[in-house]
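2 protein chains.
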Amino acid sequence: MNQSQTPDSLESLGEFGLIDRIATRARSANATTLKGIGDDCAVLSVSQGKRKVITTDLLLEGIHFDLTYCPLTHLGYKAVAVNLSDVCAMNARPQQITVSLGVSAKFTLKAIDDLYEGIYAACNAYGVDLVGGDTTSSLTGLTISITAIGEADENKIAYRSGARPNDIVCVSGDLGSAYMGLQLLEREKRVLRQSKTSQPDFGDYKYILQRQLRPEPRTDIVEFLDQIGVVPTSMMDVSDGLSSEMLHICKQSGVGCRIVEEKIPIHEETRRLAAELNINPVVAALNGGEDYELLFSIAQADYEKFQSQVGPPIYAIGYICEASKSTRLITTCSDEAQLRAQGWKAFDGK
Amino acid sequence: MNQSQTPDSLESLGEFGLIDRIATRARSANATTLKGIGDDCAVLSVSQGKRKVITTDLLLEGIHFDLTYCPLTHLGYKAVAVNLSDVCAMNARPQQITVSLGVSAKFTLKAIDDLYEGIYAACNAYGVDLVGGDTTSSLTGLTISITAIGEADENKIAYRSGARPNDIVCVSGDLGSAYMGLQLLEREKRVLRQSKTSQPDFGDYKYILQRQLRPEPRTDIVEFLDQIGVVPTSMMDVSDGLSSEMLHICKQSGVGCRIVEEKIPIHEETRRLAAELNINPVVAALNGGEDYELLFSIAQADYEKFQSQVGPPIYAIGYICEASKSTRLITTCSDEAQLRAQGWKAFDGK
Chain L
1 MNQSQTPDSL
11 ESLGEFGLID
21 RIATRARSAN
31 ATTLKGIGDD
41 CAVLSVSQGK
51 RKVITTDLLL
61 EGIHFDLTYC
71 PLTHLGYKAV
81 AVNLSDVCAM
91 NARPQQITVS
101 LGVSAKFTLK
111 AIDDLYEGIY
121 AACNAYGVDL
131 VGGDTTSSLT
141 GLTISITAIG
151 EADENKIAYR
161 SGARPNDIVC
171 VSGDLGSAYM
181 GLQLLEREKR
191 VLRQSKTSQP
201 DFGDYKYILQ
211 RQLRPEPRTD
221 IVEFLDQIGV
231 VPTSMMDVSD
241 GLSSEMLHIC
251 KQSGVGCRIV
261 EEKIPIHEET
271 RRLAAELNIN
281 PVVAALNGGE
291 DYELLFSIAQ
301 ADYEKFQSQV
311 GPPIYAIGYI
321 CEASKSTRLI
331 TTCSDEAQLR
341 AQGWKAFDGK
Chain U
351 MNQSQTPDSL
361 ESLGEFGLID
371 RIATRARSAN
381 ATTLKGIGDD
391 CAVLSVSQGK
401 RKVITTDLLL
411 EGIHFDLTYC
421 PLTHLGYKAV
431 AVNLSDVCAM
441 NARPQQITVS
451 LGVSAKFTLK
461 AIDDLYEGIY
471 AACNAYGVDL
481 VGGDTTSSLT
491 GLTISITAIG
501 EADENKIAYR
511 SGARPNDIVC
521 VSGDLGSAYM
531 GLQLLEREKR
541 VLRQSKTSQP
551 DFGDYKYILQ
561 RQLRPEPRTD
571 IVEFLDQIGV
581 VPTSMMDVSD
591 GLSSEMLHIC
601 KQSGVGCRIV
611 EEKIPIHEET
621 RRLAAELNIN
631 PVVAALNGGE
641 DYELLFSIAQ
651 ADYEKFQSQV
661 GPPIYAIGYI
671 CEASKSTRLI
681 TTCSDEAQLR
691 AQGWKAFDGK
């Protein structure tokens with residue numbers, strides 16, 4: 001690698017920088033490798049027009065989850081759900097997972113049973129088979145590594161790179177709620193630290209808590225798109241926030257976009273807690289992440305198919321334009337603001 | 351689960367007990383899932399008589415590797431190699447891997463580059479594509495999770511469960527050398543701790559060091575078996591030691607075996623260091639593990655095909671018998687000793 005381009009540290013390089021650095025060296029030696037690093041899943045050819053997709057996530061205690069407020073059953077469910085969501089983001093159907101666990105001495109067998117209770121609940125909910133894994137002791141807390149495999153027809157795979165000017169940008173559900181759920185959990189954790197006798201007070205915030213603790217992969221959207229004969233021109237799932245994901249799609253498709261602020265679906269509970277905590281709910285939607293909704297672009301001609309069919313709600317939030325027109329948010333006062341990726345960064349210690 | 355059968359702790363359950371406990375609840379909801387938990391890989395059907403196999407390993411600093419004597423480049427290579435070995439153990443060809451990394455602040459970018467140097471070296475050596483992964487910060491040391499995918503013809507997959515009485519038990523190379531390599535590294539680490547000015551003295555033990563630090567998956571054996579038209583009736587790779595693996599094959603095949611002590615291939619360096627350290631080299635072969643040789647059974651009629659063709663050495667070390675005749679080692683003094691699995695245990699703190 002070119003020494004002059006080498007940053008000093010992982011922190012300055014960042015997660016996406018490290019991924020780019022790794023991907024630069026990737027070569028494809030196998031005809032079955034159709035897509036490697038750089039999308040929600042890798043894509044492997046099988047035969048007769050079928051594709052397998054594969055994705056993997058590594059979850060570490062203290063980085064990705066906090067067991068003081070995340071029950072192990074929910075954690076198991078979520079760990080599976082976020083991987084299935086990546087499979088959905090390729091417009092594919094999840095079929096198998098492997099689960100590897102590193103477990104330190106502080107965990108009882110009951111705790112591990114609880115974790116698998118959640119893992120199996122997610123498998124059963126989405127018709128996915130647990131087919132393998134690895135189990136080991138750990139010196140430090142819980143480590144969970146999950147790999148998910150899915151299948152799709154060759155002509156239905158949706159990459160990040162296919163968005164074209166004039167396509168409509170859609171999202172499958174409200175954004176910012178998982179982030180506000182996390183803010184609520186963090187607030188109650190601080191309260192509990194100050195007073196050991198308190199009980200957490202989650203008030204009337206059931207929806208946003210569930211969005212944070214128990215996200216659901218949108219397999220129903222993949223089914224619905226298939227049913228109405230629509231293949232998205234590009235697709236991702238919203239794990240880092242709408243801004244970050246939209247910028248990935250625009251960069252990989254070589255296009256720009258306009259997202260219309262007032263069209264972004266935001267749940268009533270998200271707005272209410274945001275007001276209480278003095279947070280702008282649109283910022284939560286743009287940068288919060290962990291919503292695991294599907295963000296996708298479709299040809300204009302396909303948009304009316306959504307409206308003529310009964311299915312899950314789908315929200316049109318903007319459109320794709322030429323790259324020269326940049327990536328912007330049209331605000332409620334009709335100003336334009338640049339979209340910026342301020343989502344979760346893996347190496348900045350936040 | 352039945353409460354009366356519930357052990358108190360993970361430690362008393364052990365790794366294989368935990369795997370059994372998880373596997374009991376596994377159901378297959380997808381027609382593409384042909385084999386789940388319980389072999390070296392899961393097996394998925396694709397089409398036209400083709401199978402995909404998938405395996406995964408989780409490696410944690412302080413448990414699976416010690417960076418005081420394992421250079422990161424070697425670690426990267428080994429982490430890939432052991433997964434490719436699992437693919438070979440299904441008589442399949444490895445094609446893709448995903449690599450997930452958890453990295454704590456003590457690692458420099460140079461360290462991560464070194465690790466990937468080894469990962470890519472293994473990929474290039476075996477024609478395997480790195481197609482995805484996940485990168486994250488970690489609070490505690492290095493975590494590596496690798497998933498490997500391979501392909502095989504439907505009628506060539508070798509499970510652990512197909513060994514039949516009178517089959518010949520074969521191994522692809524010498525055993526116990528990786529274990530003796532580890533003993534050498536541990537000895538030098540103790541010496542270095544006592545005297546900071548010493549340099550490690552590995553003497554004339556290049557082979558066993560390389561067996562420990564840089565194991566090679568036996569893709570050449572898979573190729574050779576294909577070339578001579580032999581499909582093993584059962585196969586595993588030797589990661590936990592000959593005894594442990596042989597017991598897995600016998601249990602899953604519902605058979606017994608006789609292993610002939612003097613037929614077990616043991617390298618001259620293994621014998622020499624074993625003598626120096628007062629260790630029985632046969633015990634190292636039986637219980638040491640990490641050799642990553644292929645252990646397999648073949649029909650007697652196939653054995654002559656090995657001898658009539660030029661290929662990698664293959665060692666016949668015993669035979670399969672009825673389950674009622676148990677699993678035994680025929681010792682050099684013609685006694686019979688019960689085979690016992692004393693390989694590496696994941697949860698006993700060793």
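Taken in sequence, the protein lines are chains L and U. Per the working numbering, the first sequence starts with residue 1, numbered consecutively. Per the working numbering, the second sequence starts with residue 351, numbered consecutively. The beta-carbon is built from N, C-alpha and C at its ideal position, and this holds for glycine as well.
Below 8 Å on C-beta distance, what does residue i contact in chain U?
i: Cys41 of chain L; result: Gly482
i: Gln48 of chain L; result: Ser397, Gln398
i: Val80 of chain L; result: Correct list: empty, because the minimum Cβ distance to chain U is about 13 Å.
i: Leu351 of chain L; result: Nothing about residue 351 of chain L can be read from this structure; chain L reaches only from 1 to 350.
i: Asp57 of chain L; result: Ser450, Asp484
i: Gln120 of chain L; result: For the sequence presented, residue 120 of chain L should be read as Tyr rather than Gln. In chain order: Arg375.
So which of the options has the shortest CA-CA distance to residue i?
i: Ile558 of chain U; options: U:Ile507, U:Val632, U:Asp641; result: U:Asp641
i: Ser137 of chain L; options: L:Ile157, L:Ser145, L:Gly102, L:Cys123; result: L:Gly102
i: Asp389 of chain U; options: U:Ile507, U:Ala634, U:Ile578; result: U:Ile507
i: Ser593 of chain U; options: U:Thr405, U:Ala687, U:Ser395, U:Glu467; result: U:Ala687
i: Ser398 of chain L; options: L:Arg51, L:Ser12, L:Glu61, L:Ser253; result: The question about residue 398 of chain L has no answer here: the residues shown for chain L are numbered 1 through 350.
i: His617 of chain U; options: U:Arg543, U:Lys456, U:Gly531, U:Gly668; result: U:Gly531
i: Gly150 of chain L; options: L:Val80, L:Cys88, L:Ser177; result: L:Cys88
i: Ser324 of chain L; options: L:Pro265, L:Lys251, L:Ala299; result: L:Lys251
i: Gly49 of chain L; options: L:Thr98, L:Glu154, L:Ile320, L:Phe224; result: L:Glu154
i: Ala163 of chain L; options: L:Val128, L:Gly254, L:Val82; result: L:Gly254
i: Gly668 of chain U; options: U:Ser647, U:Phe656, U:Gly661, U:Cys683; result: U:Ser647
i: Ser454 of chain U; options: L:Gly241, L:Val231, L:Leu225, L:Ser9; result: L:Ser9
i: Val43 of chain L; options: U:Tyr466, U:Leu542, U:Thr448, U:Asn433; result: U:Thr448
i: Ala649 of chain U; options: U:Thr405, U:Asp517, U:Ser397, U:Arg608; result: U:Asp517
Give me whichever residues DSSP pairs with residue i in a beta bridge.
i: Lys50 of chain L; result: L:Asp153
i: Ser450 of chain U; result: U:Asp484, U:Ser495
i: Lys385 of chain U; result: U:Val393
i: Tyr669 of chain U; result: U:Ile518, U:Arg608
i: Ala337 of chain L; result: L:Leu329
i: Thr406 of chain U; result: U:Thr497
i: Glu411 of chain U; result: U:Phe415
i: Asp479 of chain U; result: U:Gln446
What three-state label does DSSP hand residue i in the structure shown?
i: Ile494 of chain U; result: strand
i: Val238 of chain L; result: coil
i: Gly699 of chain U; result: Legend: pLDDT at Gly699 of chain U = 39, less than 50; position of this residue unreliable, value from coordinates given subsequently. Residue state, collapsed to three classes: coil.
i: Trp694 of chain U; result: Any reading at Trp694 of chain U must be qualified, since the residue scores a pLDDT of 45, below 50, and its modelled position is unreliable; no value is offered.
i: Ala29 of chain L; result: coil
i: Ala508 of chain U; result: coil
i: Thr24 of chain L; result: helix
i: Asp652 of chain U; result: helix
i: Phe646 of chain U; result: strand
i: Glu290 of chain L; result: coil
i: Phe107 of chain L; result: coil
i: Asp416 of chain U; result: coil
i: Ala163 of chain L; result: coil
i: Ile314 of chain L; result: coil
i: Glu11 of chain L; result: helix
What residues of chain U sit near residue i, judged by a beta carbon separation below 9 Å?
i: Tyr207 of chain L; result: The contacting residues do not exist; Tyr207 of chain L stays about 28 Å from chain U at best.
i: Gln212 of chain L; result: Simply none; closest approach about 19 Å.
i: Leu139 of chain L; result: Leu410, Glu411, Gly412, Ile413, Thr490, Gly491
i: Gly36 of chain L; result: Gln446, Asp479, Leu480, Val481, Gly482
i: Tyr69 of chain L; result: Residues of chain U passing the Cβ test: none, with the nearest at roughly 17 Å.
i: Ser239 of chain L; result: Under the 9 Å cutoff, chain U gives no residues; its nearest Cβ is about 11 Å from Ser239 of chain L.
In chain U, which residues lie less than 7 Å from residue i when you measure between Cβ atoms?
i: Asp153 of chain L; result: Near Asp153 of chain L there are no residues of chain U at all, since even the closest Cβ is about 12 Å away, more than 7 Å.
i: Thr263 of chain L; result: According to the sequence shown, residue 263 of chain L is Lys rather than Thr. Correct list: empty, because the minimum Cβ distance to chain U is about 32 Å.
i: Glu336 of chain L; result: Under the 7 Å cutoff, chain U gives no residues; its nearest Cβ is about 33 Å from Glu336 of chain L.
Residue i touches chain L at which residues, Cβ-Cβ below 7 Å?
i: Ile629 of chain U; result: Under the 7 Å cutoff, chain L gives no residues; its nearest Cβ is about 25 Å from Ile629 of chain U.
For a contact meaning CB atoms closer than 9 Å, what does residue i contact in chain L?
i: Tyr466 of chain U; result: Arg21, Ile22, Arg25
Inset, instruction - Quick one: which unbroken alpha helix (DSSP H) runs of 4-plus residues sit fully inside the stretch 418–446 of chain U? Chain order, please. - result: 422–438
Legend entry - Chain-ordered residues of the stretch 18–29 of chain L with a beta carbon less than 9 Å from chain B: Note that chain B does not occur in the displayed structure, where the protein chains are L and U.
Inset, instruction - Would you list, in sequence order, the uninterrupted alpha helix (DSSP H) runs of no fewer than 4 residues that lie entirely inside the stretch 188–275 of chain L? - result: 206–213, 219–227, 242–253
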